[in-house]
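Peer 1: In this note's numbering, the protein residues as written are 413 to 674.
Just so it is clear, CB atoms sit at the ideal spot from N, CA and C, and this is done for glycine as well.
Questions regarding the structure given below will be posed in turn.
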Amino acid sequence: MRSLLVATLLAAGPGYAMDIIGHRGASKDYPENTVRSVREAFAQMADGVEVDVHMTRDGEIVVIHDPDTLRTTGKKLLVKESALEAIRALDAGVWKDPKFAGERIPLLAEILDVVPAAKTLIVEVKCGVEILPALERILAARGAGRKIVLFGFDLSVVREAKRRLPALPVLWLHKGEKKAPGQPAAYPAEVLRLAQEAGLDGVGLHFDGVSASLVTEARKRGLRVFVWTVDEVAEARRLLGLGVDALITNRPGEMRRQLFSQ
413 MRSLLVATLL AAGPGYAMDI IGHRGASKDY PENTVRSVRE AFAQMADGVE
463 VDVHMTRDGE IVVIHDPDTL RTTGKKLLVK ESALEAIRAL DAGVWKDPKF
513 AGERIPLLAE ILDVVPAAKT LIVEVKCGVE ILPALERILA ARGAGRKIVL
563 FGFDLSVVRE AKRRLPALPV LWLHKGEKKA PGQPAAYPAE VLRLAQEAGL
613 DGVGLHFDGV SASLVTEARK RGLRVFVWTV DEVAEARRLL GLGVDALITN
663 RPGEMRRQLF SQ
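Below is the structure:
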């Protein structure tokens, strides 16, 4: 298992360029969390993609952000209460544009199959620890040659994920604290402390709360910093200057061109 799934994430340093990660694929222009969106993100030269996972009633891992299917299919099914067959019958493309009719909610295994060798797949766990045994099996069977990273907002879930899959980078997502509407997120020092104490590899933070001092403190604690979700190039340049490890964006191709083209 470990030999298949070890993932090396570059640390910041001279000449370092942060990774560009497609948020749910290339979701600005394609239906999120679909095979087509993921393929397009890699066609746009993304270093990796981020997808979200839930588990169906019959124990299958599907790629979808919300706990139900309403927003992206027009029909409401709770994923955890529905069989895979019912979920796969739904159209997950037409909500974005009629030209995407026929796109389906994919299995995680289908996404893994289209991730190029040596590219990164970030899997955000949107449910509880019950998904982890199935996730471990799928990654062992289909994850070879890819860089797999696990994300999650629930500290207990990512802690258990790291215990079960110690060879994988596992990051704790945190929204920060907003003191007033319109104000940037604030990240208390305990966020980094808790991530370190849990044995995690880093944190995933909302971009507007990320500062030079936060990145410096994360480095001292041996933590990597991923930021989400950034679509404005000026903000991306600021974060690049801070030395964050990876930037998650809805438009990976445009972001790469604007940041790195001479």
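#1: Just to confirm my understanding: we take Arg-605, look at its own chain, exclude 5 residues before and 5 after, and list those with CB closer than 7 Å. What are they?
#2: Report the three-state DSSP secondary structure of Arg-636 (helix, strand or coil).
#3: Which residue comes first and which comes last in the alpha helix (DSSP H) that contains Leu-524?
#4: Closest to Glu-462 by C-alpha separation, out of Asp-509, Ser-673 and Leu-524, would be which residue?
#5: Where Gly-540 and Ala-573 are concerned, what is the direct C-alpha to C-alpha distance, given to the nearest angstrom?
#6: Here's the rule I'm using: 16 or more other beta-carbon atoms within 10 Å means buried, otherwise exposed. How should Gly-460 be labelled?
#7: Going by alpha carbons, who is nearest to Ala-530 out of Leu-580, Ala-556, Phe-512 and Glu-536?
#8: Can you list, in chain order, the residues of its chain with a C-beta nearer than 8 Å to that of Asn-662? Leave out the 5 residues immediately preceding and following it.
#9: For the putative contact between Glu-536 and Arg-576, defined by C-beta atoms under 8 Å, what is the C-beta separation to the nearest angstrom?
#10: Taking the alpha-carbon positions, what's the Leu-659 to Val-615 distance?
#11: Under the three-state reduction of DSSP, which class applies to Ile-433: helix, strand or coil?
Peer 2: Judging by the given coordinates:
#1: Result list for Arg-605: empty, nothing under 7 Å.
#2: Here Arg-636 sits in strand by DSSP.
#3: First-last of the alpha helix (DSSP H) with Leu-524: 520-526.
#4: Nearest of Asp-509, Ser-673 and Leu-524 to Glu-462, Cα basis: Leu-524.
#5: Gly-540 and Ala-573 have their C-alpha atoms some 10 Å from each other.
#6: With 16 or more neighbouring CB atoms inside 10 Å of its own CB, Gly-460 falls in the buried class.
#7: Per the C-alpha coordinates, the member of Leu-580, Ala-556, Phe-512 and Glu-536 positioned closest to Ala-530 is Ala-556.
#8: Hits under 8 Å: Gly-434, His-435, Arg-436, Ala-438, Ser-439, Lys-440, Thr-641 and Asp-643.
#9: The pair is not a contact, with the Cβ atoms about 16 Å apart (cut-off 8 Å).
#10: Going by the C-alpha atoms only, they are around 12 Å apart.
#11: In the structure shown, the three-state DSSP call for Ile-433 is strand.
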